[in-house]
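Colleague: Would you mind keeping the following structure in view while I ask a few things?
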Amino acid sequence: MRYGTLLWWTILACSPRDVGCEVREAAGGDDDLPTGGAVAPEPMEPRADGETIEHTLRFSAPQTNYFEIETSFRTEGLTTGPDEDAAGGVGVDVMMAVWTPGSYLVREFAKHVRELRASTPEGEALRVFKTAKNRWRVVAEGGEVPERVVLRARIYAHEMSVRTNFVDDEFALLCGAGTFLVPVQGQERPHDVSIDMPEGWAESVTGLDPYPNEAHRYLARDFDELVDSPIALGNPSLHRWDEGGVPHVLATFGGADVWDDEKAARDVEAITRVQHEFWGVVPYQRYAYINLAMGGGGGLEHRTSTIMLTDRWASRDDDEYRRWLGLVSHEFFHTWNIKRLRPAVLGPFDFENENYTDDLWIVEGLTSYYDDLLLRRAGLLDDDQYFGRIAKGIARLQGTPGRRVQSLSASSFDAWIHFYRPDENSRNTGVSYYTKGALVGLLLDARIRDATGGSRSLDDAMRIAYARYSGDRGYESEDFKAICEELVEESLDDFWTAYIEGTEELGYDAALAVFGLRFASSDGSAEPFVGLSAGEGARIVVREVVDGSPAFDAGINVGDELIAFGDERLPESWTERVGRYESGDAVEVLVSRRGLLRRLTLTLGEAPRDDWTLEVDVNSSPGSRRQRDAWLQN
Numbered sequence: 009m010r011y012g013t014l015l016w017w018t019i020l021a022c023s024p025r026d027v028g029c030e031v032r033e034a035a036g037g038d039d040d041l042p043t044g045g046a047v048a049p050e051p052m053e054p055r056a057d058g059e060t061i062e063h064t065l066r067f068s069a070p071q072t073n074y075f076e077i078e079t080s081f082r083t084e085g086l087t088t089g090p091d092e093d094a095a096g097g098v099g100v101d102v103m104m105a106v107w108t109p110g111s112y113l114v115r116e117f118a119k120h121v122r123e124l125r126a127s128t129p130e131g132e133a134l135r136v137f138k139t140a141k142n143r144w145r146v147v148a149e150g151g152e153v154p155e156r157v158v159l160r161a162r163i164y165a166h167e168m169s170v171r172t173n174f175v176d177d178e179f180a181l182l183c184g185a186g187t188f189l190v191p192v193q194g195q196e197r198p199h200d201v202s203i204d205m206p207e208g209w210a211e212s213v214t215g216l217d218p219y220p221n222e223a224h225r226y227l228a229r230d231f232d233e234l235v236d237s238p239i240a241l242g243n244p245s246l247h248r249w250d251e252g253g254v255p256h257v258l259a260t261f262g263g264a265d266v267w268d269d270e271k272a273a274r275d276v277e278a279i280t281r282v283q284h285e286f287w288g289v290v291p292y293q294r295y296a297y298i299n300l301a302m303g304g305g306g307g308l309e310h311r312t313s314t315i316m317l318t319d320r321w322a323s324r325d326d327d328e329y330r331r332w333l334g335l336v337s338h339e340f341f342h343t344w345n346i347k348r349l350r351p352a353v354l355g356p357f358d359f360e361n362e363n364y365t366d367d368l369w370i371v372e373g374l375t376s377y378y379d380d381l382l383l384r385r386a387g388l389l390d391d392d393q394y395f396g397r398i399a400k401g402i403a404r405l406q407g408t409p410g411r412r413v414q415s416l417s418a419s420s421f422d423a424w425i426h427f428y429r430p431d432e433n434s435r436n437t438g439v440s441y442y443t444k445g446a447l448v449g450l451l452l453d454a455r456i457r458d459a460t461g462g463s464r465s466l467d468d469a470m471r472i473a474y475a476r477y478s479g480d481r482g483y484e485s486e487d488f489k490a491i492c493e494e495l496v497e498e499s500l501d502d503f504w505t506a507y508i509e510g511t512e513e514l515g516y517d518a519a520l521a522v523f524g525l526r527f528a529s530s531d532g533s534a535e536p537f538v539g540l541s542a543g544e545g546a547r548i549v550v551r552e553v554v555d556g557s558p559a560f561d562a563g564i565n566v567g568d569e570l571i572a573f574g575d576e577r578l579p580e581s582w583t584e585r586v587g588r589y590e591s592g593d594a595v596e597v598l599v600s601r602r603g604l605l606r607r608l609t610l611t612l613g614e615a616p617r618d619d620w621t622l623e624v625d626v627n628s629s630p631g632s633r634r635q636r637d638a639w640l641q642n
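Structure below.
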């Protein structure tokens, strides 16, 4: 169903910020499970105290990939100096965030700011100059800073992702971190955002509170909320519905006549419903799914909305569409797990520096565990499809040599320099807190269910954690472990030491047995193994070498061009040539490195296991079958 009126979105779809709300029946209504949390505030109203920072967004030439922003604020309480940089007077320091929550990489948004100017409201020019990579100082020549300052800038926006700005003549996505310049000392102040819409664009979609009775104007309580509320502009298809009395919207941009709006709407409703049932609490008053069907992939969570990127043709391909549903489930689960239930260090944010935590495996890994599991519970995956997802995750982890090098907690802490900055050696030195975290979630869920005879699960741990820590406090690493130990009534030091703080291989078999599952037997055949990836074509250039593989031991390097095995030139489909050999064969490889030819001896090995297909163990006990049914249908 499509809705194209701005009126509905302005009145209903923009949600207030909240800090959690009362947890109802936090774990299925058991009396021994704690409840608590803060009640969501009422929608924000305009303030007349002069503290509000005012922003106006304009799109005078969106086809150039630029937009303009004007920011006005009262300077009282925001000035610094006098010092030498302020030319003997006082100044106001302004800043732009260097990263955006949910994407743990310093992205240097300030590099896209052009022609920043400052003036009084009357138009008298003020001096503005850089003091740091993302900071500017505004000063008045020979005098004090005026009562009010106006900043004007053009910002370049042409990176299509869920975490950056993009503007063209059909559509705009504005990331708060890369859009707004604010006083350094005024980040607690409220914000008023007005949008001058380009001609022909009808809708503005955002999680900010709507300004009463005024289209395309919104309010934020502080800089945190402003940054956490992206704005999408254009002419999307809108599907709206109520879930449990709470209004939701699915806004799809770029779907054309290809994207299946009706199917997507039906399935997103199902995901919303099953996650409400899981948590037992709806911590927002309205919610927006912003779906960009413009190619690519990925998602980014926000308190009252999420941004998702997909291909418009994905709804016509079953596998691609199920992956998109997994993305929807993942980002929506974050509404609870990170946007409210969060590590203590992840809020309020320091938007100018990295914010380190050991617990991204809880934030992202456990969310990755539940995204597909909740699709199964919603009836959007069958058993075989869900087991196949688990098997792919296991194959991905077991094919990562870095699992033996980097722990989950270290992977979380080093996300800023590893996960978001991969190179040709990343698979050898690191592990994904998404992939391994999801599998640790499976093992932890099995451990809790087994220890309690199925009376408790990881579901309960998540809900208890939400009840205790979803307010302003946040949790420390040991807090989540303590909750799990309460449930099993025993120490989990062995589990945490081996799988979270250490690099031991995960014990899949024992966990799968809890649910009456096992790995399917393979045919026992092993293909010869080289241990590198390279392009195919006229030039076969090595892109990656697996640590400890035959290629690694032979001294083949990333960047080498593979030319021949023995005296025979390699065909464009070089992997077919490998299939002629057997494990243990020694092959002379001719490579070109920096323009010089050299011959290396490669001894082919046996390919590591890559088939981790799961199947139901027909010999499993009735208790295991009951555990499996409760797990999949809870």
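In our numbering, the protein residues as written are 9 to 642.
Here a beta-carbon is modelled for each residue, glycine too, at the ideal position from N, C-alpha and C.
#1: Just verifying my parser: in three-state terms, what is the DSSP assignment at K347?
#2: Is M316 closer than 8 Å to V290 when the C-beta atoms are compared?
#3: Using only the alpha-carbon positions, how far apart do D200 and A228 sit?
#4: Where does V626 fall in DSSP's three states?
#5: Under the three-state reduction of DSSP, which class applies to K138: helix, strand or coil?
#6: May I have the straight-line CA-CA distance separating A133 from R197, to the nearest angstrom?
#7: Below 8 Å, how does it come out for the segment 114-122 and the segment 59-73: are there three or more Cβ pairs, yes or no?
#8: Roughly how many whole angstroms lie between the Cα atoms of A78 and S245?
#9: Indicate the three-state DSSP secondary structure (helix, strand or coil) for D38 in the structure shown.
#10: Determine the contact status of R162 and Y74, defining contact as a CB-CB distance below 8 Å.
#11: Please work out which residues of its chain come closer than 6 Å, Cβ to Cβ, to R634, disregarding the five sequence neighbours upstream and downstream, and give them in chain order.
#12: The beta strand (DSSP E) with R526 in it runs from where to where?
#13: Considering only residues of the segment 198-278, which uninterrupted beta strand (DSSP E) runs meet the minimum length of 3 residues and lie entirely inside it, listed in chain order?
#14: Give me, in chain order, the residues of the same chain whose beta-carbon lies closer than 8 Å to that of P536; leave out the 5 immediate sequence neighbours on both sides.
#15: Leaving out the 5 sequence neighbours to the left and right, which residues in its chain are closer than 7 Å to L124 when beta-carbon positions are compared?
#16: Among G563, A562, V549, which has the Cα closest to the Cα of T583?
#17: Tell me which residues share the same chain as D232 and place their Cβ nearer than 8 Å to its Cβ, disregarding the 5 neighbours each side in the sequence.
#18: I'd like to check one pair, T87 with V98: are the Cβ atoms closer than 8 Å?
#19: Could you give the distance in angstroms between the alpha-carbon of L622 and the alpha-carbon of A399?
#20: My guess is that D379 and F341 are in contact by the Cβ rule of under 8 Å, so how many angstroms apart are they, rounded?
#21: For N565, name the three-state secondary structure that DSSP assigns.
#22: So, does the segment 206-221 touch the segment 138-157, judging by three or more C-beta pairs under 8 Å?
#23: Can the beta-carbon of E362 be found less than 8 Å from the beta-carbon of W424?
#24: Any C-beta of chain B sitting closer than 8 Å to the C-beta of L466?
#25: Would you kindly report the start and end of the unbroken beta strand (DSSP E) that includes W332?
#26: Here's the rule I'm using: 16 or more other beta-carbon atoms within 10 Å means buried, otherwise exposed. How should L604 be labelled?
#27: Going along the chain, which residues of its own chain have a beta-carbon closer than 6 Å to the beta-carbon of H310, five neighbours each way excluded?
#28: Straight-line CA distance for E497 to R385?
#29: When we look at the beta-carbon of R320 and count the other beta-carbons within 10 Å, is it buried (16 or more) or exposed?
#30: From L308 to A562, what distance separates their C-alpha atoms?
#31: With H, G and I counted as helix, E and B as strand and the rest as coil, what does DSSP make of V364?
#32: In the DSSP assignment, find the beta strand (DSSP E) that holds M470 and state where it starts and stops.
#33: Can you list, in chain order, the residues of its chain whose CB lies under 8 Å from that of S629, leaving out five sequence neighbours each side?
Modeller: With the structure as the only source:
#1: coil
#2: no
#3: 7 Å
#4: coil
#5: strand
#6: 25 Å
#7: no
#8: Per the sequence presented here, residue 78 reads as Glu, with Ala not at that position. Each residue's alpha carbon lies about 29 Å from the other.
#9: Only weak support is given to the placement of D38: the predicted model assigns it a pLDDT of 47, under 50, and the value that follows is read from those uncertain coordinates. D38 falls in the coil class under three-state DSSP.
#10: yes
#11: none
#12: 525-527
#13: 199-203, 211-214, 225-228, 239-242, 245-251, 254-261
#14: V586, G587, Y589, E590, S591, D593, L612, G613, E614, A615
#15: V136, W144, L159, A161
#16: V549
#17: Q195, G355, P356, F357
#18: yes
#19: 6 Å
#20: 6 Å
#21: coil
#22: no
#23: yes
#24: The structure shown contains no chain B; it holds only a single protein chain.
#25: Premise fails: W332 lies in the alpha helix (DSSP H), 326-341, not in any beta strand (DSSP E).
#26: exposed
#27: G215, D236
#28: 28 Å
#29: buried
#30: 42 Å
#31: Just to set this straight, residue 364 is Tyr in the shown sequence, not Val. Here Y364 sits in coil by DSSP.
#32: Looking at the DSSP string, M470 is not in any beta strand (DSSP E); the run it does join, the alpha helix (DSSP H), is 466-477.
#33: G524
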